[in-house]
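With our numbering applied, the sequence shown has no gaps in its numbers, which climb one by one up to 767 at the end. Glycine is no exception: its CB is placed at the ideal position from the N, C-alpha and C atoms. These notes are about the structure you will find just below.
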Amino acid sequence: MNPVSKSILRRTLPISIFEELCSLWRELVEIEDSTAILLNDSIISSEIVNFSEILGARTFYLLLSSQLCALLQGTLNASSLSYQVTITCEPQAIAEFTHKLQQNLDNDSPWHDRLAPYISPHLPLLNPLQSHFNGRLWNILVPEFSETSEVMYEGLRVCEPVEDALRQQIAQEKLLNQVVGQIRQSLELSVILQTAVRELRSFLQVDRLVIYEFKEFKEKIISNSSSRNSRQTGGLVTYESRVSQSIPSLLNVVAEDTCFTNIPQYKYKYRQGQIVSIDDVEMRYAASLCLSRFLEQYWVLSKLIAPIVVNGKLWGLLIAHQCFKKRQWLESEKAFLGQIGEHLAVAIYQAQLYAQVQEQKNNFEQRVIERTQELRDTLVASQAANHSKSEFLGNMSHELRTPLTCIIGLSGTLLHWSQESSNLPIDKQKKYLQTIQNSGKHLLDMINEILEYSNLQSGKYVLAVREFSLMKVAKNVIQRVSDEAEHRRINLELDLQINAQQDSFYADPERVQQILYHLLNNALKFTSENGTVTLRIWRENNQVSLEVEDTGIGIKEEQIPLLFESFQQLENSRRRMYGGTGLGLALTKQLVELHGGTIEVESIINQGSTFIVRLPNQPQSQYKSLNNLDKNRALFTKNKTIILVESNEEIATLIGELLTAANYHFIWLMDGSKVFKKLELLEPSAVILDQDLSEVLKINKSLKQLPETKETKVLVLRDEITSKEWTEISQMGIDDYLIKPIQPNLLLKRVNALMFNNNDSENE
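Spelled out as structure tokens, the structure:
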């Protein structure tokens, strides 16, 4: 018997019932979308000339759509006023009827191409339209049937009430709607999957129903030489429902992936949505000993498998087992399990999206919390910084006022006595001049300290690393602070724990001396009379340790973290016993870190403090030796012409005296229209320009274009400059810059550096 014919309903019905069925087909196309097709004998008879010869004298309605395909045919029996009716939704039967129509249509008929997609069997899916169709069909047909009703299949009379078939269909829809309802009502994947497994096992009347999920497992592979982690793809049963507890549980059982190697491309078939039914497991897997033993161990006699494909990826399998007796699976059961698998795939995808949204939401909330805390911390730090800066400015007003008062007062006294007829005694003049000089030096030290700290903060500081003697630096700094120690009556000691082989070191000697000076000056400031300050130096492998120990007042433990903060002074009173800017230790810490070193503090109240600095030996390959620099210095500074273009006479006078004293050939040009012609004629080694930036760039471009002046270095004087501006003008060929007001030492360093580079380029 043809299996297709089992899905075709044949029945003799009154004309009125047949007309109701025709109305149902017309009703279905009205509620379908615009792509639905409804054909009947009236439409086709006008397209096919020999219609009656091909299809006979029958009335038909054919509905073709993405949601439902259904064929109604009826042959009128005039004597009994009834129709011989056939109804089918079977894909194969629909495809055969559609193909017959298309074969007899002309190629230019509008229906020829529209029927093309339906000449291959399409498995219909359960959907709201099909539910509506089943319900209406039930209402029309069921009242006509009784217990003696018979359905004819290909001429054979087989007693099979239509009501049972319709009831089964409605039960399937009910379960499907329950699963869909769970998906819509809950995003808890575990609840959805557990409910689906339980209800589906009960509906299909199977012994065990499981969800098998594919996962990745970490496997440690050990070889003769090493071990490594490898990711292996496998799976395990994550959800299960059994009809009896006597059936072995598969929950969390990990199947060996090698058991499936004898099944060719089994994962590929599942990814394509194929549903696999096996009525006799023992016979089917006789060739695979591994798989046969596994299935036998868990009582599997027959199984039905539907894939769960989530977003194009094989997520898992929906598997029904018969454990007590073998079973022949029906096409309706296969289709239904496949539909449940598709809806579960939707549920899993939605749950995954929901989990991602929740994770993003949690991450966003955490970032908001962290950002809020950062803003609070920033606000607190800003308030603390403002307070510290206010304290700093208040203290600095006192620190600056004292030396300025001495300078102005004593210089005024000298000026007054010089205008009087009588002369001030020589010893008093010397004393006043000495006090003015000391106050000026003290004032200059404070200003330089602030400027150096500012340069460090802005990233403009570059170390001048070279080889030097640790002993020499230590003795120089001790000599520098010895007068202050003698004045305060403090014992100053030097403990050099290094030999001649350890004396040579690579770093910036001026900055190392500056570090030691700040630490020693700080120790002397807070050590009382008859106390002791010791500078101790030793080598440890490739680093040097510099230790300054004092017997002073000490530091409270909770105040130690504040020592190296900007503008911090542990003594907050305006009427302070100890002077200073409060930047010395902050500057020291940054100089240490610029060398890649560390600084530590140990202190006991009323017993003293110890500061330990550790500096690594800097790489020698990156820097030129001191000998080469010393040898070339004479060449750099001898007969090297530097031209200054400056309209301010005071600035020009200061720069001229500094460069002349440094043995440079100095020429001053006033700002004018013929500046470039003079530069071209003189061919200087360097040019210092104090002009508008546009004019500076114009002169620089002209200099670089001429072979005689293309090596001329250009240094610009600016009131201020940002890092972005400097990046832009340096890319245009400007060699260096200097911020006004002019600092003599910094000017000479920048000029020397330019001349060194100039000489290097000439020698290359």
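Throw me the rounded Cβ distance for the residue 551 and residue 520 pair, which I believe falls under 8 Å.
Translated into the one-based positions of the sequence shown, residue 551 becomes position 548. Translated into the one-based positions of the sequence shown, residue 520 becomes position 517. The pair is not a contact, with the Cβ atoms about 10 Å apart (cut-off 8 Å).
From which residue to which residue does the alpha helix (DSSP H) around residue 200 run?
On the sequence shown, position 197 is the one that residue 200 refers to. Here the alpha helix (DSSP H) through residue 200 covers 192–207.
DSSP has residue 548 in a bridge; who is on the other side?
The sequence position of residue 548 within the sequence shown is 545, counting from 1. Answer is 541 and 617.
Go to residue 327, then tell me how far its beta strand (DSSP E) extends in each direction, as first and last residue.
Counted from its first residue, the sequence shown places residue 327 at position 324. Segment: none, residue 327 is in no beta strand (DSSP E) and carries neither H nor E.
Hey, out of 433, 439 and 565, whose CA is closest to residue 411's CA?
Here the question's residue 411 lines up with position 408 in the sequence shown. The residue with the shortest Cα to Cα distance from residue 411 is 439.
Determine contact between the region 18–33 and the region 92–101, defined as no fewer than three beta-carbon pairs at a distance below 8 Å.
No, they do not touch.
By DSSP, does residue 92 sit in helix, in strand, or in coil?
Position 89 of the sequence shown holds residue 92. Here residue 92 sits in coil by DSSP.
Assuming residue 511 and residue 468 make a contact with CB atoms under 8 Å, what is their CB distance in whole Å?
The residue labelled residue 511 in the question sits at position 508 within the sequence shown. The residue labelled residue 468 in the question sits at position 465 within the sequence shown. The pair is a contact, with the Cβ atoms about 5 Å apart (cut-off 8 Å).
Is the beta carbon of residue 422 sitting closer than 7 Å to the one on residue 476?
Your numbering for residue 422 matches position 419 in the sequence shown. Your numbering for residue 476 matches position 473 in the sequence shown. It is not a contact, given that the beta carbons lie outside the stated cut-off.
Can the beta-carbon of residue 557 be found closer than 7 Å to that of residue 608?
Your numbering for residue 557 matches position 554 in the sequence shown. Your numbering for residue 608 matches position 605 in the sequence shown. Yes, the pair counts as a contact, with Cβ atoms nearer than the cut-off.
Going by other Cβ atoms of all chains shown within 10 Å of its Cβ, with 16 needed for buried, is residue 142 buried or exposed?
What you label residue 142 is simply residue 139 of the sequence shown in a count that begins at 1. The residue is exposed, with fewer than 16 neighbouring Cβ atoms inside 10 Å.
Using the Cβ count rule (16 or more neighbours within 10 Å means buried), how would you classify residue 315?
Sequence index remark: in the sequence shown, residue 315 carries index 312 (1-based). The residue in question, residue 315, is exposed, as its Cβ has fewer than 16 Cβ neighbours within 10 Å.
Can you give me the start and stop residues for the beta strand (DSSP E) that residue 510 sits inside?
As a first step, residue 510 must be located in the sequence shown, where it is residue number 507. That run of the beta strand (DSSP E) goes 507–510.
For residue 543 and chain D, any beta-carbon pair shorter than 7 Å?
Of the protein chains in the structure, only one exists, and it is not chain D.
Where does residue 61 fall in DSSP's three states?
Here the question's residue 61 lines up with position 58 in the sequence shown. Residue 61: coil per DSSP, three-state reduction.
Under 8 Å by Cβ, that's how I've got residue 549 and residue 540 pegged, so tell me the actual separation to the nearest angstrom.
As a first step, residue 549 is located in the sequence shown; it is residue number 546 there, counting from the start. As a first step, residue 540 is located in the sequence shown; it is residue number 537 there, counting from the start. Contact flag correct, Cβ pair sits at about 6 Å.
Assess, as a yes-or-no matter, whether the region 303–313 is touched by the region 338–357 under the definition of 3 or more beta carbon pairs within less than 8 Å.
These segments touch.
Tell me, to the nearest whole angstrom, how far the beta carbon of residue 684 is from that of residue 720; I am working on the premise that it is less than 8 Å.
Walking along the sequence shown from the start, residue 684 turns up at place 681. Walking along the sequence shown from the start, residue 720 turns up at place 717. With a Cβ gap of about 23 Å, residue 684 and residue 720 do not count as contacting.
Kindly indicate which three-state DSSP category residue 38 falls into: helix, strand or coil?
Within the sequence shown, numbered from 1, the residue matching residue 38 stands at position 35. Residue 38 falls in the coil class under three-state DSSP.
Run through the region 473–507 for me and flag every whole beta strand (DSSP E) of 3 or more residues, listed as ranges in chain order.
For the region 473–507, whole beta strand (DSSP E) runs of length 3 or above, ordered along the chain, are 494–500.
Taking the C-alpha atoms as reference points, what is the distance between residue 385 and residue 216?
The count along the sequence shown starts at 1 and reaches residue 385 at position 382. The count along the sequence shown starts at 1 and reaches residue 216 at position 213. Looking at the two C-alpha atoms, the distance is approximately 55 Å.
Measure how close the beta-carbons of residue 741 and residue 750 come, nearest whole angstrom, since I'm counting them as under 8 Å.
Taking the first residue of the sequence shown as 1, we reach residue 741 at position 738. Taking the first residue of the sequence shown as 1, we reach residue 750 at position 747. That pair is a contact at about 6 Å.
Could you tell me which whole beta strand (DSSP E) segments of length 3 or greater appear in the region 244–304?
For the region 244–304, whole beta strand (DSSP E) runs of length 3 or above, ordered along the chain, are 279–281.
Hey, residue 682 and residue 646 are a contact pair by Cβ (cut 8 Å); roughly how many whole angstroms apart?
Counting from 1 along the sequence shown, the entry for residue 682 is found at position 679. Counting from 1 along the sequence shown, the entry for residue 646 is found at position 643. 6 Å between Cβ atoms; contact.
What span of residues does the beta strand (DSSP E) with residue 80 cover, start to end?
For the purposes of this step, residue 80 is taken as residue 77 along the sequence shown, with counting starting at 1. Looking at the DSSP string, the run of the beta strand (DSSP E) that includes residue 80 is 72–80.
Taking all protein chains shown into account, do 16 or more other C-beta atoms lie within 10 angstroms of the C-beta of residue 100, making it buried, or fewer, making it exposed?
Residue numbering aside, residue 100 sits at position 97 when the sequence shown is read from its first letter. Label assigned to residue 100: buried.
List the DSSP bridge partners of residue 719.
Translated into the one-based positions of the sequence shown, residue 719 becomes position 716. 692 and 740.
Is residue 141 helix, strand or coil when you go by DSSP?
Here residue 141 corresponds to residue number 138 of the sequence shown, with the count starting at 1. Residue state, collapsed to three classes: helix.
So, using beta-carbon positions, are residue 732 and residue 717 closer together than 7 Å?
Start at 1 with the first residue of the sequence shown, and residue 732 comes out as number 729. Start at 1 with the first residue of the sequence shown, and residue 717 comes out as number 714. Contact: no.
Can you give me the start and stop residues for the alpha helix (DSSP H) that residue 653 sits inside?
Indexing the sequence shown from 1 puts residue 653 at position 650. Unbroken alpha helix (DSSP H) run through residue 653: 652–664.
In chain order, what residues of the same chain have a beta carbon less than 8 Å from the beta carbon of residue 44, not counting five sequence neighbours either side?
Along the sequence shown, read from residue 1 onward, the residue named residue 44 stands at position 41. So the list reads 54, 58, 61, 62 and 63, once near-sequence residues are dropped.
Buried or exposed: where does residue 357 fall if 16 or more other Cβ atoms within 10 Å of its Cβ makes it buried?
By 1-based counting over the sequence shown, the position of residue 357 is 354. Exposed, because fewer than 16 other Cβ atoms sit within 10 Å of the Cβ of residue 357.
Considering only residues of the same chain and omitting the five flanking positions on each side of residue 65, which have a CB-CB separation below 6 Å?
By 1-based counting over the sequence shown, the position of residue 65 is 62. So the qualifying residues of the chain are 42 and 74.
Once the 5 residues before and after residue 122 are set aside, which same chain residues still bring their CB inside 7 Å of it?
Position 119 of the sequence shown, counting from 1, holds the residue named residue 122. Hits under 7 Å: 98, 101, 102 and 105.
Straight-line CA distance for residue 474 to residue 502?
Locating residue 474 in the sequence shown gives position 471, where the first residue counts as 1. Locating residue 502 in the sequence shown gives position 499, where the first residue counts as 1. Distance between the alpha carbons of residue 474 and residue 502: 9 Å.
What are the start and end residues of the beta strand (DSSP E) that includes residue 605?
Counting from one through the sequence shown, the residue named residue 605 turns up at place 602. Element bounds for residue 605: 601–607.
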